[in-house]
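S.K.: Have a look at this one.
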Amino acid sequence: MSYTSPLTTTIHNRRLRLLNGLRAKSGPIMTFLGLPSFRSAELLASTGLDGIIVDCEHGHISDDAMHALVPTITSQGVSPLVRTRMTHPDLIKRALDAGSHGIIVPMINTVEDAEAVVRNAKFPPGGLRGQGSAFPGFAFGVDIPTYIKTANETILICLASIYRHQGRLKEAEELEMRVIEIRTRTLGEAHLDTLMSMGNLASTYQHQGRWKEAEELGLNLIEAASRSKSTKRFLPSEFEMVYREDNIAHITSYHWKLKAVDALEKTDLEFSLISIGLFLDDWAAPRIPTHIRAVNMFIDPENNAAVIPGDGNSPMVLTHSTDAAKFTVAALDLPHWKRRYSIVANRTTLNDAVRLAEEIKGTKFNVKYFSVEEMEKGEIDLTPSMKKALPTEMHDSMKNILALTGIGLSKGEVDLDKTIDLTLEFSGIKCLTVKDVWEAWK
């Protein structure tokens, strides 16, 4: 289904400050609001902003507070957008019924997710949104019949974050470059929002396999962060294991990680390196929601199959992305950082993980083993789910990634040090376990 874009519709409403700025390509300026204070909203709206994002996902904002903040922002002639905490239709409709000029919806992992969000934000016949609130008309400065007639073409639905998930990497790149240009011009190169945009573009370059450009942008990000007055700490992208020259010499795309550490050591920024092992999301998705593009790596619970590098007895650590986020956020409150931390949410072996899956699911898995010698030649299979999820032209490159990861796993590189484990520092945070994941696949 296709929809008229707010950026191309001929409908004009002077109250829609953000939309009008986007149409004029004037580089509208926005910020986030995470506090439930309507006085804070008034103060922010009086600073000349074009839009304010009411952050119901990460901010301390209830449904009641959201309904108070949206009209407060519109009363100052500024456009409110609501960032919902998930994709649930009720949250989308509540935000729009409060009078929000648009929504930002997280956890969009597929095109189907995006289409569902759009349907829930549109009135029939283009969508499923019902009408029962008089408040949106006040926020848009029109009567209710006019609002219902024009809302489908004027409400901003922010879906730019799904470009990568759709494989529309060129469009994502163009958008992110435009955002960087605008933010650099209006906020400055060292502003936090500009730095975040640089990180987004670097991620897109990595998805495109443009490792050299991603490396250069990542190093530029560190240099700009060191000049930022508001940036005091920095967490570079680490993830899996403790990276050294000897264990990533064969993984060209990871060489920039060591260069990033060298660059950080030359700054006054406090930084730490956090390793989490493999993403548990790769076994959990889609039964357990994830923010990342997860495929069933090594163990495929949907098809009761496993591809095991080495003998399958090497210890390994797995952490779900949501748990990695929780501990990383918690670490921000530590007064001082150690140079390195680990997050050991689960410690197991592939053989033990398969045995547990067979026990819980009550079925035998089809297991194939590949030696280090075979993997050094790039010989390894994709799991059935991975073959189905990836286009054929990506199969060979993914086999190479699996082989390189499998070699490190077989050598024990994905086992992490418990003495610097953040799960011990913050023992009150409950982690998703491998058993939880297999239970979800029953």
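So in this note's numbering, spot 205 of the sequence shown is number 254, and the numbers just go up one at a time. We treat Cβ as the ideally placed atom computed from N, Cα and C, and that holds for glycine.
If distances are taken between C-alpha atoms only, which option among Leu177, Leu145 and His444 comes closest to Val344?
M.R.: Here residue 344 is taken as the residue at index 295 of the sequence shown, counted from 1. For the residues Leu177, Leu145 and His444, the minimum Cα distance to Val344 belongs to His444.
S.K.: Who pairs with Leu327 in a beta bridge, going by DSSP?
M.R.: The count along the sequence shown starts at 1 and reaches residue 327 at position 278. Paired residues: Leu367.
S.K.: Closest by CA to Leu118, which one among Asp139, Arg134 and Ser149?
M.R.: As a first step, residue 118 must be located in the sequence shown, where it is residue number 69. Of Asp139, Arg134 and Ser149, the residue nearest in Cα terms is Ser149.
S.K.: Classify Asn362 as buried or exposed, calling it buried when 16 or more other Cβ atoms lie within 10 Å of its own Cβ.
M.R.: For the purposes of this step, residue 362 is identified with residue 313 of the sequence shown, where counting begins at 1. Exposed is the call here.
S.K.: Classify Ser279: buried if its beta carbon has 16 or more other beta carbons within 10 angstroms, exposed otherwise.
M.R.: Taking the first residue of the sequence shown as position 1, residue 279 is located at position 230. Ser279 should be labelled exposed.
S.K.: Note down, in chain order, each residue of its chain lying with its Cβ closer than 7 Å to the Cβ of Gly248, except the 5 sequence neighbours on either side.
M.R.: Translated into positions along the sequence shown, residue 248 becomes position 199. Excluding residues within five positions, the ones whose Cβ falls inside 7 Å are Leu270.
S.K.: By DSSP, does Tyr418 sit in helix, in strand, or in coil?
M.R.: Taking the sequence shown and counting its residues from 1, one reaches residue 418 at position 369. It is a strand residue.
S.K.: Around the Cβ of Val393, are there at least 16 other Cβ atoms within 10 angstroms (buried) or fewer (exposed)?
M.R.: Taking the first residue of the sequence shown as 1, we reach residue 393 at position 344. Val393 is buried by the Cβ-count criterion.
S.K.: State the start and end residues of the unbroken alpha helix (DSSP H) segment that holds Asn395.
M.R.: In the sequence shown, the residue the question calls residue 395 occupies position 346. First-last for Asn395: Asn395 to Thr397, but that is the beta strand (DSSP E), not the alpha helix (DSSP H).
S.K.: Based on DSSP bridge pairs, tell me the residues matched to Ser391.
M.R.: On the sequence shown, residue 391 is found 342 positions in, with the first residue counted as 1. Answer by DSSP bridge pairing, in chain order: Ser324 and Asp470.
S.K.: Return helix, strand or coil for Ser275, following the three-state DSSP convention.
M.R.: The residue labelled residue 275 in the question sits at position 226 within the sequence shown. Of the three classes helix, strand and coil, the one that applies to Ser275 here is helix, per DSSP.
S.K.: By alpha-carbon positions, which one of Glu408, Gln180 and Glu294 ends up nearest to Arg143?
M.R.: Here residue 143 corresponds to residue number 94 of the sequence shown, with the count starting at 1. Looking at the Cα atoms, Gln180 is the closest of the given residues.
S.K.: What's the gap between the Cα of Thr53 and the Cα of Pro384?
M.R.: Residue 53 sits at position 4 when you count from the first residue of the sequence shown. Residue 384 sits at position 335 when you count from the first residue of the sequence shown. Per-residue confidence for Thr53 stands at a pLDDT of 46, beneath the threshold of 50, marking its modelled position as unreliable; no derived number is given.
S.K.: How is the alpha helix (DSSP H) around Gly186 delimited, first residue to last?
M.R.: Locating residue 186 in the sequence shown gives position 137, counting from the first residue. Taken as a continuous stretch (DSSP letters only), the alpha helix (DSSP H) holding Gly186 covers Phe184 to Phe189.
S.K.: According to DSSP, is Ala209 helix, strand or coil?
M.R.: Mapped onto the sequence shown, residue 209 falls at position 160. Because the pLDDT at Ala209 is just 46, under 50, the model does not fix this residue reliably, and the point stays unresolved.
S.K.: Taking just the CA atoms, how far does Ala380 sit from Trp386?
M.R.: In the sequence shown, residue 386 corresponds to position 337, counting from 1. In the sequence shown, residue 380 corresponds to position 331, counting from 1. Distance between the alpha carbons of Trp386 and Ala380: 8 Å.
S.K.: With which residues is Ser128 paired in a DSSP beta bridge?
M.R.: On the sequence shown, residue 128 is found 79 positions in, with the first residue counted as 1. Answer by DSSP bridge pairing, in chain order: Gly100.
S.K.: If distances are taken between C-alpha atoms only, which option among Asp139, Lys413 and Gly326 comes closest to Lys171?
M.R.: As a first step, residue 171 is located in the sequence shown; it is residue number 122 there, counting from the start. Of the listed residues, the one whose Cα sits closest to Lys171 is Asp139.
S.K.: Using CA atoms only, rank isn't needed, just tell me which of Ile78, Ile297 and Ala355 is closest to Arg232.
M.R.: Within the sequence shown, residue 232 is the residue found at index 183, counting from 1. Cα-wise, what sits closest to Arg232 is Ile78.
S.K.: Candidates Tyr390, Leu268 and Gly237: which alpha carbon is nearest Thr316's?
M.R.: Start at 1 with the first residue of the sequence shown, and residue 316 comes out as number 267. Ranking Tyr390, Leu268 and Gly237 by Cα distance to Thr316 puts Leu268 first.
S.K.: I want to know whether the stretch 315–334 touches the stretch 462–477 - three or more CB-CB distances under 8 Å.
M.R.: Judged by Cβ distances under 8 Å, the stretch 315–334 makes contact with the stretch 462–477, as three or more pairs qualify.
S.K.: Which residue spans inside the stretch 287–366 form an unbroken alpha helix (DSSP H) run of at least 4?
M.R.: For the stretch 287–366, whole alpha helix (DSSP H) runs of length 4 or above, ordered along the chain, are 294–297, 304–314 and 330–333.
S.K.: Of the residues Gly455, Lys437, Lys410 and Glu408, which one's Cα is nearest the Cα of Phe419?
M.R.: Position 370 of the sequence shown, counting from 1, holds the residue named residue 419. It is Gly455.
S.K.: Where does Phe81 sit, in a helix, a strand or coil, going by DSSP?
M.R.: Your numbering for residue 81 matches position 32 in the sequence shown. DSSP places Phe81 in strand when its eight states are reduced to three.
S.K.: Taking Ile429 as the reference, give the member of Lys417, Lys437 and Asp401 with the closest Cα.
M.R.: The residue you call residue 429 lines up with position 380 of the sequence shown. Checking every option, the nearest Cα to that of Ile429 belongs to Lys417.
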